[in-house]
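Line order of the protein sequences matches chains A, B, C and D.
Read the first sequence against this note's numbering and you will find it ends at 336, with the numbers running on by one and no gaps.
Read the second sequence against this note's numbering and you will find it ends at 672, with the numbers running on by one and no gaps.
Read the third sequence against this note's numbering and you will find it ends at 1008, with the numbers running on by one and no gaps.
Read the fourth sequence against this note's numbering and you will find it ends at 1344, with the numbers running on by one and no gaps.
Quick reminder that beta carbons are idealized off the backbone N, C-alpha and C, glycines included.
Predicted model, so just to flag it, every value in this text is computed and none were measured.
Worksheet: the structure to be examined is printed underneath.
4 protein chains.
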Amino acid sequence: MSEIVRVGLIGTGRIGQVHALSVANTSGAELTVVCDTFVDGANAVAALYGGRVVTDPADVFASGEVDLVIVASPTSTHVDLINQAIDAGIHVLCEKPIDLDIDRVDSLRAKAAAADIHIALGFNRRFDPNFAGINARVAAGELGTLEQLIIISRDPAPAPQSYIAVSGGIFRDMTIHDFDMARFFVPDIVEVTATGSNVFSDYIKEEGDFDSVLVQMKGRGGELISIVNSRHSSFGYDQRLEAFGSDGMLYAHNVAPNTVAKYSAAGVEDRTPYMEFFLERYATAYQQELAVFIDGVRTGTMTNPTFEDGRAALVLANAALESATTGRSVSVDGKL
Amino acid sequence: MSEIVRVGLIGTGRIGQVHALSVANTSGAELTVVCDTFVDGANAVAALYGGRVVTDPADVFASGEVDLVIVASPTSTHVDLINQAIDAGIHVLCEKPIDLDIDRVDSLRAKAAAADIHIALGFNRRFDPNFAGINARVAAGELGTLEQLIIISRDPAPAPQSYIAVSGGIFRDMTIHDFDMARFFVPDIVEVTATGSNVFSDYIKEEGDFDSVLVQMKGRGGELISIVNSRHSSFGYDQRLEAFGSDGMLYAHNVAPNTVAKYSAAGVEDRTPYMEFFLERYATAYQQELAVFIDGVRTGTMTNPTFEDGRAALVLANAALESATTGRSVSVDGKL
Amino acid sequence: MSEIVRVGLIGTGRIGQVHALSVANTSGAELTVVCDTFVDGANAVAALYGGRVVTDPADVFASGEVDLVIVASPTSTHVDLINQAIDAGIHVLCEKPIDLDIDRVDSLRAKAAAADIHIALGFNRRFDPNFAGINARVAAGELGTLEQLIIISRDPAPAPQSYIAVSGGIFRDMTIHDFDMARFFVPDIVEVTATGSNVFSDYIKEEGDFDSVLVQMKGRGGELISIVNSRHSSFGYDQRLEAFGSDGMLYAHNVAPNTVAKYSAAGVEDRTPYMEFFLERYATAYQQELAVFIDGVRTGTMTNPTFEDGRAALVLANAALESATTGRSVSVDGKL
Amino acid sequence: MSEIVRVGLIGTGRIGQVHALSVANTSGAELTVVCDTFVDGANAVAALYGGRVVTDPADVFASGEVDLVIVASPTSTHVDLINQAIDAGIHVLCEKPIDLDIDRVDSLRAKAAAADIHIALGFNRRFDPNFAGINARVAAGELGTLEQLIIISRDPAPAPQSYIAVSGGIFRDMTIHDFDMARFFVPDIVEVTATGSNVFSDYIKEEGDFDSVLVQMKGRGGELISIVNSRHSSFGYDQRLEAFGSDGMLYAHNVAPNTVAKYSAAGVEDRTPYMEFFLERYATAYQQELAVFIDGVRTGTMTNPTFEDGRAALVLANAALESATTGRSVSVDGKL
């Protein structure tokens, strides 16, 4: 590989732009090829961050100008593009999820496992400094035995109906981040139970989806995991995590835009609402995700979540949907 | 009723002593009869707080010296003592649970419903200023529609094996407080799902009981309720509650013994661990519980949790146990 | 002394009532004589908490019915009543200040020093669990060498003009608590510098008094002490303390009425304003102050602030006033 | 001016490197000339961030390649370099202080006032989001009338003796930031009183300097300002600010490296110590300081602190030193 890691980007929507900025901010990396079937999008990104513009992903893989490719195109293209990356021998960081259909994911599973390249899944939250910090401290034994994990995850506001319609449902679209977070701490999950509800959104209900869910899971060691989701939150992005062990607890509070508290006759310790936007909330995580991947590519040590992690999250999401529909706990023992 | 409310106490163990102190601290109330089959216990309480000592509960009801009776004797005696209180026409505040056996509870249900007296169940946490304050604010509409309720409830340390053996199991012994707290906010619960685990205590496992559980429930309006329990907590009594609604969230943080924070090279904002003992943690709640009951007796307006509340908590506990055992959600629709 | 400590109370105004309640709450203590020239006040207190009513303080000392006396009458009577207590050989807990006039205080100084009784000054804040806790931890060396002490002390609202007119000025009336708190941590203060200001109250200005002041002091060991006062605070009683040492800092945050935080589109972590009333804020401190004094009387070990502490606080207040008036630091070396 | 703002940098030490990075991170700005008499330093910075290397500042001003210059060379060169910038008609952002000698500052005062260029002083803390946010809210009237301002400012560790020896003393070297912060809120200060102390550092004492100081100041409107400084802090950079007004208080808490709290038998709510390094603590402030200056240069609207602000801070520092030495309040009325 050249000294400068050359990066290709496929997909220049909101998330693609985030990755382009991350590349620009990474010393030792360069955006060399930018691809979007919507050429205006590709041109805009290339103008800001550099790179030659193409409209066919095949041209990215054939270019000889990229060491790794970031896949930020629609979900339905992910399996095919990872496949092309394997064939071309080019490392790939693919946005989550791999696919909404487990059969399509499984069709690539063996080939992905055998591939010579790094395949990283874009579960960026593993790189949030707070969650990553807790994970490292738990791994170092600071809490003794990990016994319980609570993940609170609420979006500021639901996506529009058009998006919900093709999202694959809350478990595969939103909770999937929390399933991966759960596996970040407890990789070997054996049982999933979920309850869904419709409490505030008519259009989410119309699409046959839930706007609020609870999930409880069990790890092989008896670890209990609780996930709380809502598609809305009046006070901004609500993203907390509580790791409880035999010797203590580590709690990641929300990220605040500043440290200023107000004291008045109306109330005390009052602070500005949390951030509204996931790109702002997870800006550091996106940057760090790419830095770790590029470093992994350089050194040959892979620490990002993998294809298998991406698949496991989807299996858990499917199990949760089944549980919420049937009212039964679903065993995933041997299925991850 | 005489101007001073005359109180009889049956049972002078740890919890009975708390109630005796509460009576002593309540202006307009007087401890007149103290009963325990273990006469030394009764004598000790009477020496501190006054009252004539008897050893047979029947003597309390027949004394003509009490307007209300507090039942703090072992669980197995509760149904019979409430029954006697009804017959004697004496108001009764009975410690939770009514009984561990729903059939015994139901055998008294109709009579309790028809009784002329106030029958209050000792779910003291409803009177904790933090939980009570949130409940009042939710009822006043401050959060818009209540959508989610999260209850974290961890004891400092498990009871000894001898107690666990006769406790009725974690759901009926410990979670029962949280079931009542859930119904304080969402009275009409329709579905219960639970997962139990054994992660730290061999002797709890030997007794066929769980040391850690998760419960998720659904209210008729689609409200989602999550309960997290552990029989131990290294940092003291962990008792938190999060009420999440369409317009905001109210969160009851733990009660700290003081407001002092330490800042050093080892860490910042470091505070003294929470209280270890439920009587200390809920001292105000016990006091307030009795004050509200006495006020209710005086004015004829009953606001304490009732016999039916006591029964409903037991139904939920049984459903949770069934769910944790079968891996199925259990409908309690029409059963509360 | 009889087994039960018999307490006489002189003065049944707001603060006298607090002490009467404290006596009632103290096991092993009994209110035996209640004195006020305003007999209705004395009768009201006696009706609630017991005690024989008299209207002449001399009758309290001559009664033979009291082991200790609490002086809660107007400031101008304190010197004379302490004097009578010494003559009668009856322990005395006297509200602060001893007097507004240092000459009158000094006229009793030698006699007080030689007296056989305990003379305690009512600097109740030393008994606040937060401040007392920090003091004990500093004394135990937890912060290494104490280097800086910051006291923030703001009242919810100023006293009425009639009170201000006879208060002796903010330094002797309000800051005096903070001077004593400073000496609780740094007894040997050598220099006082103060700045006063009038920023919000016309009537305080009319009385020639300040509504806001800053005081900085220096201890013999070079310790720096900063006091910040305001006669008003829109968010309730603001009472904080920061002890900074070579090895860390201990910070006493304000006391909140509950632990509930609100999260909404308007703000997060928003809590109920602090308490408005000093008796509510310092309820525990008043109770503890009396308990410690009674215990000291029983055991002969005096740990409450003394006559000399009361005098020292007044010397510092006078020095602060001189400094604020002249623009010069005032040495109190050898004067405490 | 060219569309891209061309920046010259004089001085490539620690602070110069920070500014070079800020330029690199600012879109629409370019580092064109890098100057240091120590040519290796200049080369290193140019290698990372671009720019032609020169060793004589005169070459920067004569280059025709810069629209603005950042002066990050030793304090003793500042007056001369600002003078050259004025002569060359090149905007200048000069690190604080202008000089340690008020006479040298005043020798340039009239010329600076008459100059056609923007002269900004590097009081970066005005651009910290927390302090800036409070300032804006105070200006918008959110607190009613501003009555009190408390600035706590403690460095993690003292500079070495060699630096202390030439620093100009704590007031001119360290407190000068707080003097400017005070004037950010209360520009018209009329009186300064200071107390200095030596409590922990022998070598600071040897240099005739204080290691700990208190300053109290008064604004023309009666505003009271309290500054607390220490040259060391065991728990990291301690930088807080409290603005107290008639309608409330705004408090800037310290900036924490993450949001994670630990709960264990040793303590609860325990967090990682604050940052140790001013460049890390104020990274955003430095970036924002430059962005605002470049924007000001582009638009002709100057909002950074000015030459006059730099001079005023030095006047206050001198007054504080005089006060700490003489024990008298020093009037600065008409001197700012």
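In the segment 934-949 of chain C, which residues sit with their C-beta less than 8 Å from some C-beta in chain A, listed in chain order?
If the cut-off is 8 Å between Cβ atoms, the segment 934-949 of chain C has Lys934, Tyr935, Ser936, Ala937, Ala938, Gly939, Val940, Glu941, Asp942, Arg943, Thr944, Pro945, Tyr946 near chain A.
Using a Cβ-Cβ distance cut-off of 8 Å, determine whether Ser1337 (chain D) contacts chain B.
Cβ-Cβ to chain B under 8 Å: no for Ser1337 (chain D).
If you measure from the beta carbon of Ser1238 (chain D) to each beta carbon in chain B, is any gap under 8 Å?
No, its Cβ sits nowhere closer than 8 Å to a Cβ of chain B.
Check whether the Cβ atoms of Val402 (chain B) and Gly344 (chain B) sit closer than 8 Å, and answer yes or no.
Here Val402 (chain B) is near Gly344 (chain B), since their CB atoms are less than 8 Å apart.
Determine the extent of the beta strand (DSSP E) in which Lys262 (chain A) is found, giving its start and end residues.
From DSSP, the beta strand (DSSP E) with Lys262 (chain A) extends over 260-264.
Contact belief for Asp59 (chain A) with Asp180 (chain A) at Cβ below 8 Å, rounded distance in angstroms:
Contact doesn't hold; Cβ gap of about 31 Å is too wide.
With a 10 Å radius around its C-beta and 16 neighbouring C-beta atoms as the bar for buried, classify Asp452 (chain B) as buried or exposed.
Burial call: exposed.
Starting from the beta carbon of Gln806 (chain C), find every residue of chain B whose beta carbon is closer than 8 Å, and list them in chain order.
At residue 806 (chain C) the sequence reads Ile, which differs from the Gln that was named. Val596, listed in chain order.
Using C-beta distances below 7 Å, list every residue in its chain close to Asn594 (chain B), excluding the 5 sequence neighbours before and after it, in chain order.
Short of 7 Å from the beta carbon of Asn594 (chain B), and not among the five residues preceding or following it, lie these beta carbons of its own chain, in chain order: Thr608.
Collapsed DSSP secondary structure at Ala424 (chain B) in the structure displayed
Ala424 (chain B) falls in the helix class under three-state DSSP.
DSSP three-state call for Glu941 (chain C): helix, strand or coil?
When DSSP states are grouped into helix, strand and coil, Glu941 (chain C) belongs to the strand group.
On the three-state DSSP scale, how would you describe Asn229 (chain A)?
Three-state result, Asn229 (chain A): strand.
Checking contacts by CB at 8 Å: is Tyr1294 (chain D) closer than that to chain A?
Residue contact with chain A for Tyr1294 (chain D): absent (no Cβ-Cβ distance below 8 Å to any residue of chain A).
Please decide whether Gln575 (chain B) counts as near chain A, where near means a Cβ-Cβ distance under 8 Å.
By the rule that beta-carbons nearer than 8 Å mark a contact, Gln575 (chain B) does not touch chain A.
On a Cα-Cα basis, can you pick out the residue from A:Tyr237, A:Ser246, A:Tyr282 that is closest to Ser936 (chain C)?
If we check each option's Cα against that of Ser936 (chain C), A:Tyr237 comes out closest.
Specify the secondary structure class of Tyr274 (chain A) as computed by DSSP and reduced to three states.
DSSP places Tyr274 (chain A) in coil when its eight states are reduced to three.
Cβ closer than 7 Å: which chain A residues qualify as neighbours of Ser906 (chain C)?
Here the neighbours are Ser264, Ala265.
Measuring alpha carbon to alpha carbon, tell me which residue in B:Ile455, B:Asn534, B:Asp524, B:Lys432 is nearest Leu337 (chain A).
Because residue 337 (chain A) is not part of the residues shown, which for chain A are 1 to 336, the question remains open.
Best match in D:Lys1213, D:Phe1243, D:Gln1224, D:Gly1230 for proximity to Val1200 (chain D) [C-alpha to C-alpha]
Out of D:Lys1213, D:Phe1243, D:Gln1224, D:Gly1230, D:Gln1224 has the C-alpha closest to the C-alpha of Val1200 (chain D).
Compile a chain-ordered list of the residues in the segment 188-203 of chain A whose CB is closer than 9 Å to at least one CB of chain B.
So the list reads Glu191, Thr193, Ala194, Thr195, Gly196, Ser197, Asn198, Val199, Phe200, given in the order they occur along the chain.
Neighbour list for Ala696 (chain C) in chain B, Cβ cutoff strictly below 7 Å:
Per Cβ cutoff of 7 Å: no residues; Ala696 (chain C) is ~10 Å from chain B at best.
Is Val751 (chain C) closer than 8 Å to Asp728 (chain C) when the C-beta atoms are compared?
No; because the gap between Cβ atoms is not below 8 Å, this pair is not in contact.
Report buried or exposed for Thr1333 (chain D), applying the criterion of at least 16 other Cβ atoms within 10 angstroms of its Cβ.
Taking every protein chain shown into account, the CB of Thr1333 (chain D) has fewer than 16 other CB atoms within 10 angstroms, so this residue is exposed.
Straight-line gap, Thr1085 (chain D) to Tyr1211 (chain D) (C-alpha atoms, nearest Å):
In a straight line, the C-alpha of Thr1085 (chain D) is about 27 Å away from that of Tyr1211 (chain D).
Closer than 9 Å by beta-carbon distance: list the chain A residues that pair up with Ala1260 (chain D), in chain order.
Listed along chain A are Asn258, Thr259, Val260, Ala261, each with a C-beta nearer than 9 Å to that of Ala1260 (chain D).
Let me confirm a value: Pro1168 (chain D) is counted as buried when at least 16 other C-beta atoms fall within 10 Å, else exposed. Which label applies?
Exposed, since its Cβ has fewer than 16 Cβ neighbours within 10 Å.
Please name the residue or residues paired with Gln575 (chain B) in a DSSP beta bridge.
Gln575 (chain B) is bridged to B:Ser489.
Asn229 (chain A) and Thr175 (chain A) look like a contact to me (Cβ under 8 Å); what is the Cβ gap, rounded to whole Å?
Confirmed, about 6 Å.
Rounded to whole angstroms, how far is the Cβ of Ile164 (chain A) from the Cβ of Glu207 (chain A), which I believe are closer than 8 Å?
Cβ-Cβ separation between Ile164 (chain A) and Glu207 (chain A): approximately 5 Å, consistent with a contact (criterion under 8 Å).
Would the segment 1118-1137 of chain D count as touching the segment 1089-1098 of chain D if we require 3 or more Cβ pairs under 8 Å?
Touching, per the Cβ criterion.
So, is Lys111 (chain A) buried or exposed, given that buried needs 16 or more other C-beta atoms within 10 angstroms?
Residue burial annotation: Lys111 (chain A) is exposed, with fewer than 16 other C-beta atoms found within 10 angstroms of its C-beta.
CB contact below 8 Å: Thr847 (chain C) versus chain D:
Not an interface residue.
Between the CA atoms of Lys218 (chain A) and Gly122 (chain A) - distance to the nearest angstrom
Gly122 (chain A) and Lys218 (chain A) have their C-alpha atoms spaced approximately 24 Å apart.
Please go through the same chain and pick out, in chain order, the residues whose beta-carbon is closer than 8 Å to the beta-carbon of Gly920 (chain C), but skip the five residues on each side of it.
If we look at Gly920 (chain C) and ignore the five residues flanking it on each side, its Cβ neighbours are Glu814, Leu815, Gly816.
Here's the rule I'm using: 16 or more other beta-carbon atoms within 10 Å means buried, otherwise exposed. How should Ile1160 (chain D) be labelled?
Counting Cβ neighbours within 10 Å, Ile1160 (chain D) comes out buried, since at least 16 surround it.
Kindly indicate which residue of D:Ile1197, D:Gly1176, D:Gly1024 has the alpha-carbon position closest to the one of Ser1081 (chain D).
Nearest Cα to Ser1081 (chain D) within the set D:Ile1197, D:Gly1176, D:Gly1024: D:Gly1024.
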